[in-house]
Amino acid sequence: MFSAPVFTFESRYHLRRPTFWVIALVFFAIALTDMVAKGSEGNAFFFVNSPLQIFQTTIWYTIFGILAAAAFVAETFVRDTHNRTEELILATPIRKSRYLATRFWAAFGMALLAFSAYLPGMVIGSLIPGLNSYAIGPLRLDAYLLSYGLIALPNLFLVSAIAFGLAARTRNLAITYAGAIVLVMFYLASLLMVGVDVINFEQYRLWALADPFGFYALEEQALAWTVHQYNTLIPPISGTFIGNRLLWLAIATAIWLSSYVGYSLQLPSHQGGKSAIRQRSQSPLSQPLPSAAGTPQQGRMARGYWGYASLGQDAEVRYLRWRRPALKGRDRLRQWLHRSRFETGMILQGRAFLLLTAGGLTSLVMAAIGSRSFNYSNPSTDILIHSANLYFEYILFAIIVVYSAEVMWRDRTLRLQSVIDATPVANGVLLLAKLTALFVIITLNLLLAMAVMMAYQLLNGYTNLQVPLYLQMLFLEHGPYFYITAALALFTQVVTRRKYLGMALVVLISLSHIPLDALGWYHNLYRFAATNDIEYSPMNGYGGLFIGHLWYVLYWSLFAAVLMLLAFIVWPRGTEQTHLWRTWRQGWRQAHRTVKRSLAGLVLLFCWGRHLDWLQHDGREPLSAGGERGNGGGDRNPL
Numbered sequence: 004m005f006s007a008p009v010f011t012f013e014s015r016y017h018l019r020r021p022t023f024w025v026i027a028l029v030f031f032a033i034a035l036t037d038m039v040a041k042g043s044e045g046n047a048f049f050f051v052n053s054p055l056q057i058f059q060t061t062i063w064y065t066i067f068g069i070l071a072a073a074a075f076v077a078e079t080f081v082r083d084t085h086n087r088t089e090e091l092i093l094a095t096p097i098r099k100s101r102y103l104a105t106r107f108w109a110a111f112g113m114a115l116l117a118f119s120a121y122l123p124g125m126v127i128g129s130l131i132p133g134l135n136s137y138a139i140g141p142l143r144l145d146a147y148l149l150s151y152g153l154i155a156l157p158n159l160f161l162v163s164a165i166a167f168g169l170a171a172r173t174r175n176l177a178i179t180y181a182g183a184i185v186l187v188m189f190y191l192a193s194l195l196m197v198g199v200d201v202i203n204f205e206q207y208r209l210w211a212l213a214d215p216f217g218f219y220a221l222e223e224q225a226l227a228w229t230v231h232q233y234n235t236l237i238p239p240i241s242g243t244f245i246g247n248r249l250l251w252l253a254i255a256t257a258i259w260l261s262s263y264v265g266y267s268l269q270l271p272s273h274q275g276g277k278s279a280i281r282q283r284s285q286s287p288l289s290q291p292l293p294s295a296a297g298t299p300q301q302g303r304m305a306r307g308y309w310g311y312a313s314l315g316q317d318a319e320v321r322y323l324r325w326r327r328p329a330l331k332g333r334d335r336l337r338q339w340l341h342r343s344r345f346e347t348g349m350i351l352q353g354r355a356f357l358l359l360t361a362g363g364l365t366s367l368v369m370a371a372i373g374s375r376s377f378n379y380s381n382p383s384t385d386i387l388i389h390s391a392n393l394y395f396e397y398i399l400f401a402i403i404v405v406y407s408a409e410v411m412w413r414d415r416t417l418r419l420q421s422v423i424d425a426t427p428v429a430n431g432v433l434l435l436a437k438l439t440a441l442f443v444i445i446t447l448n449l450l451l452a453m454a455v456m457m458a459y460q461l462l463n464g465y466t467n468l469q470v471p472l473y474l475q476m477l478f479l480e481h482g483p484y485f486y487i488t489a490a491l492a493l494f495t496q497v498v499t500r501r502k503y504l505g506m507a508l509v510v511l512i513s514l515s516h517i518p519l520d521a522l523g524w525y526h527n528l529y530r531f532a533a534t535n536d537i538e539y540s541p542m543n544g545y546g547g548l549f550i551g552h553l554w555y556v557l558y559w560s561l562f563a564a565v566l567m568l569l570a571f572i573v574w575p576r577g578t579e580q581t582h583l584w585r586t587w588r589q590g591w592r593q594a595h596r597t598v599k600r601s602l603a604g605l606v607l608l609f610c611w612g613r614h615l616d617w618l619q620h621d622g623r624e625p626l627s628a629g630g631e632r633g634n635g636g637g638d639r640n641p642l
């Protein structure tokens, strides 16, 4: 069942890819800076490297380990289809165990090795001198090893088994990522059903067992711990926790075995059927280009797609002069609308989107049901959106990261990039169309959340729906972060020209607040897409803080516009792969002066936004102390 040559080949293949080293560096950097940031601030009572804290942090890291699992396991079984080598491999007398099992264990081993970089990051971060002595406890290597064996290994194996099953059956990375995101939805659903504000002890064990990552199963016996127990004891490996681990390990094994047994060493049927024919007929690539030959009239100039042709009496072309058409603004607008409709339709018609929509609908319903605060108050709009915010922070962010890579690489995966580049469509049209598709997906998710929450209110007899407040909180308070993140995700894909590198870079930038906390930099002006922490109150609304929030939204929107202009300049036209720096420099040289002036203007406006520092309402102790020192000390306070 195991083939050493195949294992060696797959391992070396992944080790030679930049993806492995980038993912390993991301996990190392996140763990190191996270530990330094927590150790610098301190927690007054609990050690940031206590055994229970190490277990909890490992669970949080395994959620982001989905990226590592899909980058190695799913890519292994999609690679042959994308490279058109599947026919050659299946034509050889290769055994099923060598083709599937050995390749899976090699990919899983590489994913686990890259993910394991968090361990030295956490250990080194806790040993850095100068940290708060009340926040750092003794080094507990047993806690690191136990958390790795009981949390990291089962969770990564579960994600890898799901990625293996979906990728081997569908040969589609988008569906594979959708399945992994649905797994995170299960995790969030269990957390929401246990309770956001008030813990539901009546159904605690049920939902703790349903959590695939084991967070509340770990927390069960530690809820009543004292500070000393929290800082010194290893979480007990018994009860609900061991039941949760055995349950999901059995589920992962069953998924892997069913996928292995059901896999057939035959080429999947990708065509045939009326639906496929209908899709090909509706695709803009299947429509014939307007012909250069018009009505056969003597001496008439017929306009073609690329130029003009003088036609003879028998429709014979006597004179043909090609020139690039001068497209007007109306033509470019029509191209953008047509291309945006196509990009959006490709996403909405995919099975991955249907899977994500079904999982998202279930998660949002559980977010509403799991808001235990309703035992003490009405299901008002602000409480419901507060509960759904957990869904937005994890699921909607993951959807943006996945689909930014999907819309960018779909044409190249299907070998259609050269065909699209041969059409007279500007780079800006292609870029904006893909960005528009991402904006549509974000908007649909926000509207879905609004519909679910309003339906839940009506079912509970609460008729004060407050539609304007829904729109304000969803699209003005929470929504801007995701729209700006979509621009960042598309920018990283364009600039790096590597799918997984671009995805990892988005995650790294979005988590940049961790190293900034370690450095003591808390200002919103250099924390990506950060705004003031504002909360809606039924008594006085936002208390006059919403205007400052909108100023920060404008500031980061300018940043997103700068990213889009840079992406437009370095847009990868053509299939030739050259050095990144060379293509960036070539794109800058070929960019029109108007584009460069617009970029300079946006950069100046963005830099002028540094004057927004007066809007900062952070509440950090260093800033408060600085304010007191600026006023001459607390003794001058008349109160």
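Numbering (this note's numbering), first residue to last: 4 to 642.
Built from N, CA and C at the ideal position, the CB exists for glycine as well.
Considering only the alpha carbon of each residue, which of the options lies closest to residue i?
i, options, result
"residue 14", "163, 114 and 70", "114"
"residue 597", "608, 610, 611 and 572", "572"
"residue 128", "358, 177, 428 and 31", "31"
"residue 528", "547, 559, 42 and 134", "559"
"residue 125", "170, 187 and 53", "53"
"residue 649", "536, 605, 518 and 575", "Absent from the structure is residue 649, since the part of the chain shown begins at 4 and ends at 642."
"residue 539", "248, 387 and 91", "387"
"residue 602", "565, 134 and 412", "565"
"residue 544", "476, 456 and 241", "476"
"residue 43", "521, 226, 28 and 361", "521"
"residue 519", "24, 6, 39 and 452", "39"
"residue 242", "505, 267, 395 and 208", "208"
"residue 392", "104, 369, 463 and 381", "369"
Which word fits residue i, buried or exposed, when buried means at least 16 other C-beta atoms lie within 10 angstroms of its C-beta?
i, result
"residue 459", "buried"
"residue 502", "buried"
"residue 214", "buried"
"residue 2", "No answer is possible for residue 2: it lies beyond the span of the chain, which begins at 4 and ends at 642."
"residue 174", "buried"
"residue 37", "buried"
"residue 260", "exposed"
"residue 8", "exposed"
"residue 346", "buried"
"residue 3", "The first residue shown for the chain is 4 and the last is 642, placing residue 3 beyond what the model contains."
"residue 133", "exposed"
"residue 550", "exposed"
"residue 482", "buried"
"residue 417", "exposed"
"residue 599", "exposed"
"residue 247", "buried"
"residue 204", "exposed"
Could you spell out where the alpha helix (DSSP H) holding residue i opens and where it closes?
i, result
"residue 542", "Looking at the DSSP string, residue 542 is not in any alpha helix (DSSP H), and its letter there is neither H nor E."
"residue 233", "230-235"
"residue 430", "430-462"
"residue 19", "7-19"
"residue 495", "482-499"
"residue 51", "First-last for residue 51: undefined, no H or E at that position."
"residue 88", "Looking at the DSSP string, residue 88 is not in any alpha helix (DSSP H), and its letter there is neither H nor E."
"residue 223", "Counting along the chain, residue 223 falls outside any alpha helix (DSSP H), and DSSP gives it neither H nor E."
"residue 157", "156-173"
"residue 571", "549-572"
"residue 505", "502-513"
"residue 476", "Neither: residue 476 is in no alpha helix (DSSP H) and is coded neither H nor E."
"residue 127", "121-130"
"residue 76", "Premise fails: residue 76 is in no alpha helix (DSSP H) and is neither H nor E."
"residue 389", "384-394"
"residue 516", "516-522"
Less than 8 angstroms between the CB atoms is what I'm expecting for residue i and residue j, so what's the real figure, rounded?
i, j, result
"residue 255", "residue 161", "4 angstroms"
"residue 366", "residue 196", "No, residue 366 and residue 196 are not in contact; Cβ-Cβ is about 11 angstroms, not under 8 angstroms."
"residue 357", "residue 451", "Not really, about 13 angstroms apart at Cβ, beyond 8 angstroms."
"residue 433", "residue 567", "Their Cβ separation, rounded to whole angstroms, is 12 angstroms, which puts residue 433 and residue 567 out of contact at 8 angstroms."
Within the chosen definition, does the region 218-237 reach the region 57-65 through at least 3 CB pairs nearer than 8 angstroms?
Counting Cβ pairs under 8 angstroms, three or more are found: they touch.
For the region 133-150 and the region 233-244, state whether three or more C-beta atom pairs, one from each stretch, are separated by less than 8 angstroms.
The region 133-150 makes contact with the region 233-244; the number of CB pairs closer than 8 angstroms reaches 3 or more.
Quick one: any contact between the region 400-410 and the region 440-451, if contact means 3 or more CB pairs under 8 angstroms?
Short answer: they touch.
Would you be able to state if there are at least three C-beta pairs under 8 angstroms between the region 156-171 and the region 79-86?
Yes, they touch.
Would you check if there are 3 or more beta carbon pairs closer than 8 angstroms linking the region 152-159 to the region 333-348?
Three or more beta-carbon pairs separated by less than 8 angstroms are not found between the region 152-159 and the region 333-348, which leaves the two stretches without contact.
Please determine if the region 483-497 and the region 14-23 are in contact, where contact requires at least 3 C-beta pairs separated by less than 8 angstroms.
Touching, no, given that fewer than three Cβ pairs across the two stretches are closer than 8 angstroms.
Taking contact to mean at least 3 C-beta pairs separated by less than 8 angstroms, is the region 235-253 in contact with the region 181-192?
Short answer: they don't touch.
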